[in-house]
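Numbering (this note's numbering), first residue to last: 6 to 312. Beta carbons: idealized from backbone N, C-alpha and C, even for Gly. Bear in mind the structure is a predicted one, so any value in this text is a computation, not a measurement. Following: one structure in structure tokens, then a few remarks.
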Amino acid sequence: MFGASAALAQSGSMEPMTPVELTAAVTERLQLTPDPRLREVMTSLIRHLHGFVTEVRLTRDEWLAAIGFLTATGQMSTDQRQEFILLSDTLGVSMLVDLLAESTSSGAAGFATESTVLGPFYVPNSPQREYGASIVEQPSGEFTAYTGLVTDTDGNPIAGATLDVWQNADDMHYAVQDPDSPPGNLRGVFRTRADGSFAFLGVRPTDYPIPDDGPVGGLLARTGRHPWRPAHIHVIVSAPGYQSVATHIFDAESKYLTSDAVFAVKSSLVRTFERHEPGSGPAPDGVPAGRPWYSLTHDFRLSQAAG
Ligand SMILES: [Fe+2]
């Protein structure tokens, strides 16, 4: 039946097709795709996409509106802004991909530091910085000393592991969003010492809305959703022979932990920032005298690379 209907369609029959026959015709034509994975993905995509269109009985006007939405999403995207990642994030697709990757990764899932979304503000080639250095090139917000270890899943330190860090400022923006910010502000690449330790001076991150002045923001508004993300810093931790992890550290005091606009919170990634009053003890280098500051300790555990 399946093949027969498709053959009719491919042969150019003038008979009107039913929706089911049309779906079969498209998936049948894809069976010549040489790459088996592409064949599998495209066949499933067509099946689900046609199923969705059929289920909601998409109208011509709605189809045109969808084309317009995707066009606007592309036109909003630049080197500095990735509206498609925002779309993926807010639809929960980014986290779904993350969850599937984590559940199928070999070995120590559950013991390694959990991953979460990369987000749209990652910019490669952050400045390389020394142990303990500051990423604060333009002071804004509460200084925070970040320390911790990078280990394997047995707790053995990993020397020379790389931490690629980026975070937002008191004005809620990442450097890449702010033309007045030094491009390296609140970004840096660090390496662990022989004992696996890392340290850097940053600021306490703030809750922020994802950019909501584009098509994705419009969709959030029309579906009654807020655009806020709970305060966090981003870190990609990597080391030769280990699986890299793109993750966050979330602020335990954020009010958006349970309603993250991109569904990215995992409880193992939530930490409490400890406040230190001026004069209560030695402040880290870079913290001006008389200012309170925060500290946060978080260890990262990497699982061994497969194979
Ligand atoms: Fe972020």
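Between ligand 1 and the CB of Arg-234, the shortest heavy atom gap is smaller than 7 angstroms.
Spatial neighbours of Ile-90 in its own chain (CB-CB distance under 6 angstroms, excluding positions within 5 residues in sequence) are listed in chain order as Pro-125. Per DSSP, the continuous alpha helix (DSSP H) segment holding Leu-50 begins and ends at 41 to 61.
As summarised for the region 59 to 96, the continuous alpha helix (DSSP H) elements at least 4 residues long and confined to that stretch are 65 to 81, 88 to 95, given in chain order. An exposed status is given to Gln-85, since fewer than 16 other beta-carbon atoms sit within 10 Å of its beta-carbon. For the options Val-181, Asp-157, Pro-144, Thr-48, the alpha carbon positioned closest to that of Arg-296 is the one of Pro-144. Excluding the 5 residues flanking it on each side, Asp-200 has same chain C-beta neighbours closer than 8 angstroms at Leu-154, Pro-162, Ala-164, in chain order. The region 240 to 292 is shown to contain no whole alpha helix (DSSP H) run of 4 or more residues. In this model, Arg-230 and Leu-69 are separated by some 24 angstroms (Cα to Cα). CA-to-CA, the gap between His-178 and Asp-94 works out to about 18 angstroms. If you check the C-beta of Asn-130 against ligand 1, you find no heavy atom less than 7 angstroms away.
Relative to ligand 1, the beta carbon of Gly-124 is positioned inside 7 angstroms of a heavy atom.
If you draw a straight line from the Cα of Pro-214 to the Cα of Asp-176, it is about 11 angstroms long. Take Pro-210, set aside five residues on each side of it, and the residues of its chain with a beta-carbon closer than 7 angstroms to its own are Gln-172, Asn-173, Ala-236, His-237, Ile-238, Asp-256, in chain order. Asp-169 sits buried, since 16 or more C-beta atoms from the chains shown fall within 10 Å of its C-beta. For the pair Gly-189 and Gly-73, the Cα-to-Cα distance works out to about 36 angstroms. Cβ neighbours of Arg-280 within its own chain (closer than 7 angstroms, five residues either side excluded): Pro-297, Tyr-299. Here the distance from the Cβ of Asn-173 to the nearest heavy atom of ligand 1 is below 7 angstroms. Contact check for Phe-203 against Gly-193 fails: the beta carbons are separated by 8 angstroms or more. Classified as buried, Pro-220 has 16 or more neighbouring CB atoms from the shown chains inside 10 Å of its CB.
Ranked by how close their Cα comes to the Cα of Ala-269, the residues Gln-182, Leu-75, Val-98 have Val-98 in first place. Taking 7 angstroms as the cut-off, the C-beta of His-178 does not count as close to any heavy atom of ligand 1.
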